[in-house]
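Counting in the working numbering, the sequence shown runs from 278 upward without gaps.
Note that the Cβ used here is the ideal one computed from N, Cα and C, for glycine as well.
Keep in mind it's a predicted model, so treat the numbers as computed, not measured.
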Amino acid sequence: MKCQFAIALCGVAGAIILLLTCSAPPDGKTVFIESGCARCHGINGSGSAQAPRLEDLQSKWTPESLEAFLIDPPAYAKDNARLQAYLKKYATPMPKLEIAPTRRKVLVQYLLREKREATTDERK
Ligand code: HEC
């Protein structure tokens, strides 16, 4: 009987540990990769060139504006001259992607942290 109780207790502890690790938000880079952003965008040495490179966004976005853009890129781009200019250059506009709010927050933090590395300077 005692042993069964101990096994049950282990099960509960295991479930709690599992729940904690599963519900912790992943880091921004993981969200970037898992959301398929690198299919179009390049960021410091990796990713594609179907869309503007995503370094040095600090000078263009605040956490609030970047979040608003990511919620609905086509709607945001409508009133933004800089994004409109990009749309003439790139074939596929930025799509609306479903990203959970907690994941979007860490993604924004990651994007606003990335600075152009010295070695990638020549790839303007
Ligand atoms: C199908 C290609 C495609 C995908 C996938 C994509 N984007 Fe974009 N993105 C674009 C294009 C094209 C633009 C340029 C303007 C526009 O569409 O609004 C852009 C613009 C941006 C900008 C503004 C860049 C600047 O210079 O200010 C950011 C930030 C951005 N994307 C982040 C992301 C993130 C984060 C993801 C993944 C969640 C993502 N994009 C997925 C094509 C894409």
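Notebook entry, point to check: Are PRO350 and LYS373 touching if we call contact CB-CB under 8 Å?
Noted result: Position 73 of the sequence shown, counted from the first residue, corresponds to residue 350. Position 96 of the sequence shown, counted from the first residue, corresponds to residue 373. At the C-beta level, PRO350 and LYS373 come within 8 Å of one another.
Notebook entry, point to check: Is LEU389 closer than 8 Å to TRP338 when the C-beta atoms are compared?
Noted result: What you label residue 338 is simply residue 61 of the sequence shown in a count that begins at 1. What you label residue 389 is simply residue 112 of the sequence shown in a count that begins at 1. Yes, these two residues count as a Cβ contact at 8 Å.
Note to self: Considering only the alpha carbon of each residue, which of GLY313, GLY319 and PRO329 lies closest to GLN361?
What the structure shows: Reading the sequence shown from its first residue, position 84 is the one you call residue 361. Per the Cα distances, PRO329.
Check: Roughly how many whole angstroms lie between the Cα atoms of GLU391 and ASP333?
Finding: Counting from one through the sequence shown, the residue named residue 391 turns up at place 114. Counting from one through the sequence shown, the residue named residue 333 turns up at place 56. Taking the straight line from one Cα to the other gives about 6 Å.
Next item on the list: Return the first residue and the last residue of the alpha helix (DSSP H) that GLN386 is part of.
Entry: Position 109 of the sequence shown, counting from 1, holds the residue named residue 386. In the DSSP annotation of this structure, the continuous segment of the alpha helix (DSSP H) that includes GLN386 starts and ends at 378-390.
Checklist line | Pairwise C-alpha distance: ARG359 and MET371 | finding: Numbered from 1 along the sequence shown, position 94 holds the residue referred to as residue 371. Numbered from 1 along the sequence shown, position 82 holds the residue referred to as residue 359. If I take the Cα positions, the gap works out to 13 Å.
Notebook entry, point to check: So, helix, strand or coil for GLY319, using DSSP?
Noted result: Here residue 319 corresponds to residue number 42 of the sequence shown, with the count starting at 1. In this structure, GLY319 counts as strand in the three-state DSSP scheme.
Margin query: Tell me the DSSP secondary structure of GLY305 in three-state form.
Written below: One-based indexing of the sequence shown puts residue 305 at position 28. Three-state DSSP puts GLY305 in a helix.
Item checked: Pair within 8 Å by beta-carbon distance, VAL308 and ARG393 -> In the sequence shown, residue 308 corresponds to position 31, counting from 1. In the sequence shown, residue 393 corresponds to position 116, counting from 1. Taking 8 Å as the cut-off, the beta carbon of VAL308 is found no closer than this to the beta carbon of ARG393.
Next item on the list: Determine the closest residue to TYR363 out of CYS317, LYS382, PRO303 and GLY305, with distance taken between C-alpha atoms.
Entry: Taking the first residue of the sequence shown as position 1, residue 363 is located at position 86. The candidate whose alpha carbon is nearest that of TYR363 is CYS317.
Note to self: Measuring straight from C-alpha to C-alpha, what distance separates LYS306 and GLN335?
What the structure shows: For the purposes of this step, residue 306 is taken as the residue at position 29 of the sequence shown. For the purposes of this step, residue 335 is taken as the residue at position 58 of the sequence shown. LYS306 and GLN335: Cα-Cα distance of roughly 16 Å.
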